[in-house]
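To start, the structure under review is shown below, and the notes come after it.
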Amino acid sequence: MFTTYLPYLISFTLGYLLLTCLQDRDRPLPPGLHVFLASGIGLGVSAQITFWAFMIFKRFSPGFILGGNLLALAGLSAWAVWRVRGRIGKWINLRDFHWSQIIPYLILCAGAYPLWRHGHFYVYGGWDAWATWNLKAKILFLSDHGWTTIFDPVLWRSSPHYPLQLPLINCWGWIFKEDAEFITPVTTAFVFSFATVGLMYAAIARVTRSPFAILSGIILLTSTMYVKLSLSQYADIVVAYYLLAAVVCVVLAKLENNPGYAVAAGIALGFLSFSKGEGLMAAGIIGVLAAGYFFYKNKPDKRVLINLYTAAMAAGIVTVVFTLFVAPKSTTFINGLVSDTNPVSWFRVRAIFSFILVELVSPTWNGLWILLVLGILLGANRCFRRHLVIIPVFLLGYILVISAYYFVNTYFDNTRILWWLQVSLHRLMYATLPSVMFWVFVGLWYSKRTEL
9 MFTTYLPYLI
19 SFTLGYLLLT
29 CLQDRDRPLP
39 PGLHVFLASG
49 IGLGVSAQIT
59 FWAFMIFKRF
69 SPGFILGGNL
79 LALAGLSAWA
89 VWRVRGRIGK
99 WINLRDFHWS
109 QIIPYLILCA
119 GAYPLWRHGH
129 FYVYGGWDAW
139 ATWNLKAKIL
149 FLSDHGWTTI
159 FDPVLWRSSP
169 HYPLQLPLIN
179 CWGWIFKEDA
189 EFITPVTTAF
199 VFSFATVGLM
209 YAAIARVTRS
219 PFAILSGIIL
229 LTSTMYVKLS
239 LSQYADIVVA
249 YYLLAAVVCV
259 VLAKLENNPG
269 YAVAAGIALG
279 FLSFSKGEGL
289 MAAGIIGVLA
299 AGYFFYKNKP
309 DKRVLINLYT
319 AAMAAGIVTV
329 VFTLFVAPKS
339 TTFINGLVSD
349 TNPVSWFRVR
359 AIFSFILVEL
369 VSPTWNGLWI
379 LLVLGILLGA
389 NRCFRRHLVI
399 IPVFLLGYIL
409 VISAYYFVNT
419 YFDNTRILWW
429 LQVSLHRLMY
439 ATLPSVMFWV
449 FVGLWYSKRT
459 EL
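Numbering-wise, our numbering comes out as the position in the sequence shown, counting from 1, plus 8.
Printed below as a string of structure tokens:
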């Protein structure tokens with residue numbers, strides 16, 4: 009049992025030490041944010057080490073993968089000790105600590121237990137898990153010099169062109185195993201699900217200083233749609249986590265003018281780009297908007313932009329290599345603008361925006377999206393302030409890009425686009441939900457009296 013969770017512990021330690029080494033020495037990250045950022049960033053690092061093992065050895069190489077993680081762990085440990093020397097008081101500030109600060113995290117842990125138990129009643133995930141993500145992970149883990157089988161056109165239903173971050177994380181989770189045990193994808197889904205909730209709460213609490221910030225975490229943990237999709241073992245929870253991490257860290261980097269948050273944001277953007285096609289779109293939009301955002305109504309520390317884009321490029325190298333040299337061309341894309349057999353039509357526009365409106369009021373979300381939209385409308389002046397403006401601009405750009413893709417890609421022609429929207433749109437909205445909740449809660453509760 010211990011070996012099941014050991015890879016996740018190693019990855020968490022990697023992420024924690026990496027953030028320790030790269031943040032501002034005099035302005036360390038708050039403990040809550042540090043922990044929940046480390047959870048996902050560490051798994052992203054381990055996934056990239058695993059990717060390079062396949063690129064170098066053309067197979068699953070446990071020795072290289074484990075050795076690479078342990079070598080990184082040793083190097084980061086030494087670097088972290090050197091970084092915090094003489095500043096331990098800033099990193100462990102017990103004078104400002106009160107036991108009541110732990111209570112919200114205990115509440116989240118209590119709320120996460122049903123999430124954990126539910127995951128064990130849904131061990132094989134949804135249809136896209138066993139047909140796509142877990143299938144790829146098993147091929148990668150069990151194949152001997154035949155890992156490129158996942159790109160075979162005969163597996164077109166498994167979307168061979170999709171990035172491999174989630175399958176690589178699950179491969180890393182099996183590093184001490186002889187078989188591809190089902191408990192690993194369950195654990196991966198739980199870790200990202202809980203880390204997303206914890207990160208959202210920690211960020212809202214950091215910005216607003218409100219004792220009611222814990223409500224955001226409780227709402228998400230009790231949302232049946234969030235729980236179902238989080239534990240489906242799809243890559244959408246990975247997209248949701250890294251998108252939230254990028255949004256949170258970009259906003260905090262501007263609010264606090266702290267280069268440490270910019271580094272974390274850049275890493276999150278790089279990992280987001282390797283999560284899924286939608287993740288690559290989202291990372292690109294945020295990356296383009298970030299420069300203007302940081303200069304909007306104030307001049308940032310020059311290290312903020314340097315750190316953001318340097319970290320994003322470093323973390324995104326794997327995405328570039330995979331996209332340009334490894335991934336096959338998508339077999340499920342037809343450009344309807346030039347196709348004679350499957351041309352676009354205005355019916356697709358009506359269908360897309362009708363489905364968006366229907367999904368917003370769908371009872372499957374228990375009114376959550378309705379409440380969020382009402383919060384935005386009633387608190388428009390607050391939700392569109394300068395430190396939050398990047399979020400609505402990003403969401404608008406993201407909606408337009410995704411809608412354009414639905415419109416142009418006529419592989420699912422005008423008779424099948426309704427089915428396509430029915431099985432995919434709710435997952436796209438789910439991936440943005442934690443970021444939208446962060447936006448609305450901070451917008452409504454933030455005031456200059458809580459200025460950091």
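Even for Gly, the Cβ is constructed at its ideal location relative to N, Cα and C.
Are the beta-carbon atoms of residue i and residue j separated by less than 8 angstroms?
i, j, result
"S19", "L45", "no"
"G285", "Y170", "yes"
"A142", "Q31", "The displayed chain sequence assigns Asn, not Ala, to residue 142. Going by C-beta atoms, N142 is not nearer than 8 angstroms to Q31."
"A2", "V53", "The chain is shown only over 9 to 460; residue 2 falls outside these bounds and no answer can be derived."
"I222", "P112", "yes"
"G292", "A323", "no"
"Y130", "T204", "no"
"K310", "H395", "no"
"P38", "A210", "yes"
"L436", "I410", "yes"
"A55", "L176", "yes"
"I49", "L84", "no"
"I364", "V448", "no"
"L345", "V334", "no"
"N178", "A137", "no"
"V312", "N265", "yes"
"M233", "W124", "no"
Return the Cβ separation of residue i and residue j in integer angstroms, given the expectation that the two are a contact with Cβ distance under 8 angstroms.
i, j, result
"L280", "L251", "6 angstroms"
"R67", "W155", "6 angstroms"
"F200", "V246", "6 angstroms"
"L441", "E367", "Actually they are not in contact, since the Cβ atoms of L441 and E367 sit about 11 angstroms apart, beyond 8 angstroms."
"F330", "F392", "Not confirmed; about 37 angstroms, so no contact."
"I342", "T418", "5 angstroms"
"S218", "W453", "5 angstroms"
"F402", "I294", "6 angstroms"
"G23", "S47", "7 angstroms"
"F202", "A120", "5 angstroms"
"Y438", "D187", "That pair is no contact at about 31 angstroms."
"K185", "T11", "7 angstroms"
Identify, in the order they occur along the chain, each residue of the same chain with its Cβ nearer than 7 angstroms to the Cβ of residue i, setting aside the five sequence neighbours on each side.
i, result
"A290", "L251, L280, Y406"
"T157", "I147, S151"
"I73", "I57, T58, A61, W180, I183"
"N77", "I18, L22, S54, I57"
"V381", "L368"
"L116", "V205, G206, Y209, G225"
Across which residues does DSSP place residue i in a beta bridge pair?
i, result
"N374", "Bridge partners of N374: none, in fact."
"N343", "N417"
Cutting at 8 angstroms between CB atoms, please list the residues of its own chain near residue i, excluding the five before and the five after it.
i, result
"H126", "V235, L239"
"S224", "M208, Y209, I212, M445, F446, F449"
Within a Cβ cutoff of 6 angstroms, which residues of the same chain sit near residue i, ignoring the five residues on either side of it in sequence?
i, result
"N315", "P267, A270, V271"
"I398", "L297, Y301"
"W377", "L368"
"P15", "W180, G181, I183"
"G451", "G387, R390, C391, L396"
"I275", "I49, A319, A323"
"D421", "N350"
"W428", "F420"
"L288", "S281"
"I360", "S411, Y414"
Use the C-beta contact count for residue i: other C-beta atoms within 10 angstroms, 16 or more gives buried, fewer gives exposed.
i, result
"S167", "buried"
"R356", "buried"
"P122", "exposed"
"Q430", "exposed"
"T349", "exposed"
"F109", "A small correction: the amino acid at residue 109 is Gln; Phe does not occupy that position in the sequence shown. Q109 should be labelled exposed."
"L114", "exposed"
"D160", "exposed"
"T195", "buried"
"T327", "buried"
"W135", "exposed"
"L332", "exposed"
"L41", "buried"
"L260", "buried"
"L102", "Because L102 carries a pLDDT of 49, less than 50, the predicted location of this residue cannot be relied on, and no value is offered for it."
"A273", "buried"
"E459", "Residue confidence for E459 is low, a pLDDT of 49 falling below 50, so the modelled location carries little weight; the figure read from the coordinates is stated next. Exposed, since its Cβ has fewer than 16 Cβ neighbours within 10 Å."
"L174", "buried"
"T340", "exposed"
"F149", "buried"
"F198", "buried"
"G75", "exposed"
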